[in-house]
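As structure tokens, the structure follows; a few thoughts come after it.
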Amino acid sequence: MAELYYNFNNDRNKTITLILGIEKPILRDFRFTNIQMVVGNDFEYFPEKLDFLVDAIVKNRIFLINIIGLSKTCTAGIVYASKLAEKFIEIPIKLFLFSPYTTIKEQFFYENKLLDRVPRSLKILWEKKSLSEEFFNFRDVTNLVLFKNVQTFVIYPQHGVHSEPECALRIAGQDKVTLIPLCVNSHAVLLPFWNKLKWNFKIEAFENEYSYLSIEDYWYYIFFQKEFKVKESLYELIFDHTNFIKELDIFNEKMRERKIPFLFTLIFTCINWQLKAGKFISRNMRKMNKNISLFSSKVLNNLKQKS
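Numbering of the sequence shown is given in my numbering, commencing with residue 868 and proceeding in unit increments.
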């Protein structure tokens, strides 16, 4: 069941942004009128609360709809874009997909030898024999070519190892699709747009798997946030994408020439090892304390029984 959090920030601004999250609202304090939607951790998604969205769009005389999805929630974004484009054929819809699965068909991942790079939830979906071809087509980005009022932007890690580049490149050249690569490998490409970086920042590297940023990604994101600023970069992408993409192309070219200094590498490596060591010690201390507690309880029980 989708949860909705309606934030009517400016009644004179006739745009509305749908922000899709898996477990909780992901872009708090988004300063333009938005509906934060918790759509759930599931590819098998149907657009709930659609009537509510339609009423909000009509009532507020909206003339532009933005949709933001991240990873699996991009699938829900594709479904919403299709339904709303069908309903409001005159309203432009801009769909911003961060590290999306542009298709969830098993055949694509099989043919491209990517079966070991998909989340467990997608594999579970494939095990359901009752799903039709229409079900998968409805959740495919290529389906959006049917709607003249939908424009799609795919933001993805250019060096990603979890099928992100392959999913993005499969729709390269499609009408009204713009690919926006970041020179990183981390799946969480929405991160630098909205969160100030820290040395100990952990990301979701894959489904329910968390790790610290690599030195290459951290180096890239430091300069990214200096160039585009936190949060302002997302607003520029959404509301002035032509200028943003132009600036990003120039930035990426600069970053290819900017080498990571040895001293930075040394400091980063030391801090990274310190973080990992601290986590290892903390985890084992908890285990040791638990074992000591259990041992103490057994000893006390034995003493009580003997007395």
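Beta carbons: idealized from backbone N, C-alpha and C, even for Gly.
The Cβ atoms of residue 1049 and residue 1025 sit closer than 8 Å to each other. The C-alpha of residue 1012 lies about 18 Å from the C-alpha of residue 1022. Residue 1103 sits in a helix when the DSSP states are folded into three classes. The criterion of a C-beta distance shorter than 8 Å is not satisfied by residue 1068 and residue 1020.
The beta-carbon separation of residue 992 and residue 910, rounded to 5 Å, stays under the 8 Å limit for a contact.
Between residue 986 and residue 1074 the beta-carbon gap is near 4 Å, inside 8 Å, which marks them as a contact. Each residue's CA atom was taken as its position, placing residue 956 and residue 1002 some 23 Å apart. For residue 929, same chain residues with a beta-carbon under 8 Å away, outside a window of 5 residues either side, are 881, 882, 883, 923, 958 in chain order. Taken through DSSP and simplified to helix, strand or coil, residue 967 comes out as coil. Under the 8 Å Cβ criterion, the segment 883-893 counts as touching the segment 934-952, having at least three qualifying pairs. By the 16-neighbour rule on beta-carbons within 10 angstroms, residue 903 is buried. Boundaries of the alpha helix (DSSP H) around residue 991: 987-993. Secondary structure at residue 976: helix, using DSSP grouped into helix, strand and coil. Listed in chain order, the beta strand (DSSP E) runs fully inside the segment 1003-1027 are 1017-1024, counting runs of at least 3 residues. For residue 1082, the secondary structure class from DSSP, reduced to helix, strand or coil, is helix.
The C-alpha of residue 893 is placed about 30 Å away from the C-alpha of residue 1121.
Per DSSP, the unbroken beta strand (DSSP E) holding residue 870 starts and ends at 870-874. Secondary structure at residue 1089: helix, using DSSP grouped into helix, strand and coil.
Contact between residue 938 and residue 1010 does not hold, since their C-beta atoms are separated by about 19 Å, which reaches or exceeds 8 Å.
Per the DSSP secondary-structure output, residue 1051 pairs with nothing in a beta bridge. Under DSSP, residue 1073 takes part in a beta bridge, and its partners are 1076. The C-alpha of residue 1058 lies about 32 Å from the C-alpha of residue 925.
DSSP, read as helix, strand or coil, puts residue 1110 in helix.
In this structure residue 934 touches residue 960 by the C-beta definition: roughly 7 Å separates them, less than 8 Å.
For residue 921, the closest of 954, 1072, 936 by C-alpha to C-alpha distance is 954. A distance below 8 Å separates the beta carbons of residue 877 and residue 899.
If you draw a straight line from the Cα of residue 1052 to the Cα of residue 1028, it comes to about 7 Å. The beta carbon of residue 1139 is closer than 7 Å to those of 1079 in its chain, skipping five residues each way along the sequence.
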